[in-house]
Amino acid sequence: MNEIDPHKLALVLAGLGVAAYAYERLVVTPLETQHSGHPFAAGLVIGGVLLTLAGATVLIGVTNALLVLAAFAVTGSVVTVSAARRYLDRRQSETTANTVDVMEQLGMLDE
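All letters in the sequence shown, in the order written, are residues 41 to 151 by my numbering.
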């Protein structure tokens, strides 16, 4: 394993800390505040991983960072697709329940 310059490491970690704070304040909080209930969590994690990999690239090199990105893409895609499917299923259930409720109120369903 290559030696990592401690000063470079400190700069990268400090930069990532600042970037993570900005990401939280400018992206995560507004989305969660304005659109609660949406499946943004998986996408937000993807953004955080990409931010982390950008900083790690300085320390481990492009080739190693791309290998890590590939590993995250394989596992993260399953989580992201699953979150989207659960959200769409919930929306469909809500739509069906609302339709039944309206039809009952209008007396359109047999009781």
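Glycine included, every Cβ here is placed at the ideal spot set by N, Cα and C.
Simplified DSSP state of residue 143, which is helix, strand or coil: helix
Cβ pair residue 114, residue 93 closer than 8 Å: no
Cβ pair residue 68, residue 56 closer than 8 Å: no
Whole-Å CB distance - residue 44 paired with residue 99, under 8 Å assumed: 6 Å
Among 141, 95, 89, 125, the one whose alpha carbon lies nearest that of residue 48: 95
Residues of its chain near residue 71, where Cβ-Cβ distance is below 6 Å and the 5 sequence neighbours each way are ignored: 80
Cβ neighbours of residue 116 in the same chain (closer than 8 Å, five flanking residues each side left out): 82, 85, 86, 89
Reference residue 75, options 127, 142, 147, closest by Cα: 127
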